[in-house]
Amino acid sequence: MKKDILLIFPPLTEARLFPYLSLPMLTSFLKANSIDVAQKDLNIDLAHSLFTSNNLLNYIENNKSKQSLRFIYRNELAKYLLKYKDEIDNLVFNKEPDNHVNDKSSRAVRFAKNGVELLLEDSILKKDFFTVEDMIEEAQNFTTNNDNDFGVRQLYTLTKQYVEDNKPKVVGFSIAYYSQIFPSIIIAKWIKELAPSTFIIFGGQQIMLRSNQIYKQSSTVFVDALGTSAGEETLVKLVQYIYGQAEQSEVPDILWVDNKLSAQSSQSPKSSYKITDAKVPDFSGLPYKKYLSEEIHFSLITCIGCYWGKCIFCSYGNRSRKNSSYQQKTAEQIAKECEAIINTYGVHRINFVDENTNLKLVVKAVQLLNKKGVYIKFSTRNRLEDLLLDKAFCQELKRLGCILMSCGYETNSQRILDLLNKGVNSANYQQIIDNLDEAGIPLRLSLMGGLPDETPEEVKESELFLRKNASKIGIDVMQMLVAEPNTFLTDDPMKYKLYVNKDKRELRGNKLLNYGMGRMGSHFEYTDGDTFDPRLNRFIEMFNNINPQKNDEIPPQKRGADKSLTKTELSINPWVVFHSTQEGWVVLDLLWEKIYIIPYKGSEQEFLTLIHSNQINKIKKFFIDNGLVNSNMH
C-alpha cells in the first residue's frame, strides 16, 4: 500500500520503555492535513526481531567453543533466555493495560533487555564513533556480508519489509540520540538502494544540534534534506512539494542537500507551527504493548523548550531561550490529550517527558480530568524548584496520581549552581526531598559530574548530602558535563572556567556511564589545571558511595541481605549458575550481571551441601548476602 510518508524512529537507543513521542505527534498532525502516513519504531522492532529462539540458538552455536570467562557467562545467559523465553515473552511482550508490576515481571523485563543487548553486543550498529565524518566514511564502505552480525541482518530485513510494504514517497527520520546517527545513515543507504527515488529527510534533536556539520558532508549521507526545527509543518509542505502542490520555497525549516534544487537552501522560511496546533498523539501502528517495561504507558509533552532555559550546558533549553521560542499547551489541551489516550488505548499511566515540566500546569490539567471522573498515574521531569517547598502542593501532586518525579542534580554548592546559571537554591533541597518523601512521591535524580571550578571539598559536600538522603532518592542517570553545540557554555567557555579545544575533531561523551556514549560534545579542559579523567573517577566513586534506595532495580548487595534466610532451607535461584575451575568455583548471577570467584576446591556435591546446610557457614552466608538463593517457603 503506497504511503505519502514513512516516519522512522531509528536504532540504537535504550529508549525502549514506551513509544518515543516524536513520531506519534508528527503522525497525528500529518493525518489532520490529509497526508497518508505510516510510522515505525525501528528501535523496538529491531529488539523484537532479535530476541528470538533461533537467534539465541545461533548465538550459542557460534560461541560454544569459546572458553574464556567472558563467553562462558554469555553462553549461560543465552541458554537461560532460551529456556525461559516463553515466560519472558508473556510478561514483557504480551502485556495488557491491567497488568500488575511484581518481582517476576521486573525480572522478565531485565532479562529481555539483557537478551537484546547480548545479541547486539558485537554489532557494528553499536560501534563507537567520535566524529560524524567517521560515521559517514564507515557507511560508504559498509556491506551486509557479516552473517554473525545479528543486528545488521535483522535491521536490513525490517528496512526492506517497510519500504516494500509502504512504498513511501518520503521517509522521515527522527534522530533524538547521537547513537542513532550511524544506524540512520546505514538505513538511508539501504533505502536509496531499494527505492532510489525515495526522498529522505533527517530531523530531530541531533540534526538540530549538528545540522551545519552534517550539511557539509550531506552529499555523502544518502539524504535529500535536513529538518532544522519542529517537523510538523516542514513535512506537510515537503509532501505537498513532492506532489507539485506547493513551491519548494514554501517548505520551512529545511536544508536542501542538492544545491541545484535550491540556490538559497539556508534561507528557507520559518515554520508558523505552535504547540497549541498539536493534535492528540496518534500511536497507531506502534507495538505499544510490547515495549520493554513492566506495564503499558504513554508519554506526552506539555511544552516546547524550557521556561528557564538558562542552564549553560543545556542545548535544548538554550535554544528556546536564544530564539524566544518557549511555548506551552493549555491545561484544557493537556487534559483532552490524556483523556483521548485513556479512551483509545485503555491505559492510565502518562509520562510527562518535557525537559522541564510546568508542575502547576500539570496539576490544573489533571484536576480538570478528575472533575470528569477520569484518573491517571503520571510522572514528571522538572527542576528542584521552590514550588516544591510547599508541602500541600506536594501532597496534591500525590493525590492527583504523581508516582514518580525526575530531577537534575549537579551540586549542593550554591557558588557552582550560580556559575551554571541553574536558577535554584540548594539551601532548599533538603526540605524539597523531605516533602516529596513524606508525600510518597519517589524522587529520581540525574547526577552531573565534572563541573567547572568545583573544588574537592564541594564534591565531598554533595556526596555527603546524597548519602544522607539515600533512603529518599533514586538515581536515574549519571553523566559528566558535556559541551554540546549551541549552548551558552560553548558560546563563551572561558566565562565558565573552561577551555574548549576547537581544533580537536573528536567528540567526547560519557562512554563509561551512558548507553551509546550518551550526549556528545567538544573536548574541554578546566582552567584550574584539572583534567577530565580524575574528575570522572571521583564521580564514579561518589556514586558507589551513595547507595540510593528509590531505584526500581537495586542489586541484593545494595539493599541488604534477608537475615531470615540463615535459618531456612534454601534453593539456588534459577538464574545462578556455577562452574568448577582451577581457582575454585565461578558463580554467575545472570540477573544482576555479576561474576564471583569462590576459592573453594571441593566437589560440586560438597559445594551444594554447604549452600543447603542448616548451619550458617561462609559459603552459605556469601550466597545469602549476594541474593543468590531464596527460601523454599517463598
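Using our numbering, the letters of the sequence shown map in sequence onto residues 1005 to 1638. Glycine included, every Cβ here is placed at the ideal spot set by N, Cα and C. This one's a predicted model, so the numbers in the text were calculated from it and none came from an experiment.
Check	Outcome
Could you name the residues of the same chain whose beta carbon sits closer than 7 Å to that of Y1500, not counting the 5 residues immediately before and after it, in chain order?	I1316, L1423, P1456 and L1493
Use the C-beta contact count for L1265: other C-beta atoms within 10 angstroms, 16 or more gives buried, fewer gives exposed.	Low per-residue confidence applies at L1265: pLDDT is 44, beneath 50, and the placement is therefore not dependable, though the value from the model is reported in the following sentence. Answer is exposed; the Cβ neighbour count stays below 16.
Secondary structure at K1131, three-state DSSP: helix, strand or coil?	coil
Between the segment 1128 to 1147 and the segment 1166 to 1175, can you find at least three pairs of beta-carbon atoms closer than 8 Å?	no
So which of W1596, T1613, E1597 and V1590 has the shortest CA-CA distance to P1603?	V1590
Does the beta-carbon distance from R1325 to K1333 come in below 8 Å?	no
My output table needs one value for K1515: the three-state DSSP class, helix, strand or coil.	coil
Once the 5 residues before and after R1542 are set aside, which same chain residues still bring their CB inside 7 Å of it?	V1463
Reducing DSSP to helix, strand and coil, say where E1060 ends up.	A quick correction: the sequence has Leu, not Glu, at residue 1060. Correct three-state label for L1060: helix.
Classify Y1182: buried if its beta carbon has 16 or more other beta carbons within 10 angstroms, exposed otherwise.	buried
Could you check where the alpha helix (DSSP H) with R1020 kicks off and where it finishes?	Segment: none, R1020 is in no alpha helix (DSSP H) and carries neither H nor E.
Tell me whether the beta-carbon of V1227 lies closer than 8 Å to the beta-carbon of V1261.	yes
Using a threshold of 8 Å, state whether the C-beta atoms of S1412 and R1539 are closer than that.	Note on identity: in this sequence residue 1412 is Gly, with Ser being the wrong assignment. No; because the gap between Cβ atoms is not below 8 Å, this pair is not in contact.
Residues in its own chain within less than 8 Å of Q1268 by CB, not counting five upstream and five downstream?	Here the model assigns Q1268 a pLDDT of 41, short of 50, so the residue's position is not dependable, and the following value carries that caveat. Result list for Q1268: empty, nothing under 8 Å.
What residue range does the alpha helix (DSSP H) around Q1144 cover?	V1136 to Q1144
What's the gap between the Cα of L1296 and the Cα of K1381?	19 Å
From E1610 to L1073, what does the alpha carbon distance come to, in whole angstroms?	23 Å
Quick one: Cα of T1017 to Cα of G1119, how far?	15 Å
On the three-state DSSP scale, how would you describe H1104?	coil
Taking H1301 and I1346 to be in contact with their CB atoms under 8 Å, please state how far apart those CB atoms are, rounded to whole angstroms.	Going by Cβ atoms, the distance from H1301 to I1346 rounds to 11 Å, so no, they are not a contact pair.
Looking at I1437 and N1473, is the spacing between their C-beta atoms short of 8 Å?	yes
With a cut-off of 8 Å on the beta carbons, I'd call V1486 and G1525 a contact; round off their distance for me.	4 Å
Is the segment 1372 to 1381 touching the segment 1399 to 1414, taking contact as three or more C-beta pairs under 8 Å?	yes
Judging by CA-CA distance, which residue of K1193, R1523, I1185 and S1201 is the nearest neighbour of I1211?	I1185
Quick check on S1269: does DSSP put it in helix, strand or coil?	At S1269, the pLDDT of 44 sits below 50, so the modelled position is not reliable; the number obtained from the coordinates is stated separately. Correct three-state label for S1269: helix.
Whose C-alpha, out of W1579, S1575, K1605 and L1614, is nearest the C-alpha of T1585?	K1605
Would you report the Cα separation of F1287 and F1627, rounded to the nearest angstrom?	45 Å
Do G1155 and I1179 come within 8 Å of each other at the CB atom, strictly closer than that value?	no
Would the beta-carbon of I1395 fall within 8 Å of that of N1429?	According to the sequence as given, residue 1395 is Lys; it is not Ile. Against a cut-off of 8 Å, the Cβ pair of N1429 and K1395 comes out as no contact.
For R1323, which of I1544, I1205, K1070 and N1490 has the nearest alpha-carbon?	N1490
Along the chain, where does the beta strand (DSSP E) containing V1463 start, and where does it finish?	V1463 -> not in any beta strand (DSSP E); alpha helix (DSSP H) instead, spanning P1460 to K1472.
Taking only runs that begin and end inside the segment 1421 to 1447, name each unbroken alpha helix (DSSP H) of 4 or more residues, in chain order.	1433 to 1443
Taking the DSSP output, what are the residues bridged to Q1331?	I1308
On the criterion of 16 or more Cβ atoms from any shown chain inside 10 Å, does W1063 qualify as buried, or is it exposed?	The sequence given here places Tyr at residue 1063; Trp does not occur at that position. Its Cβ being crowded by 16 or more others within 10 Å, Y1063 is buried.
I'd like the list of long-range same chain contacts for P1497, defined as Cβ closer than 8 Å, with 5 residues on each side in sequence excluded.	A1487, Y1503, V1504 and F1528
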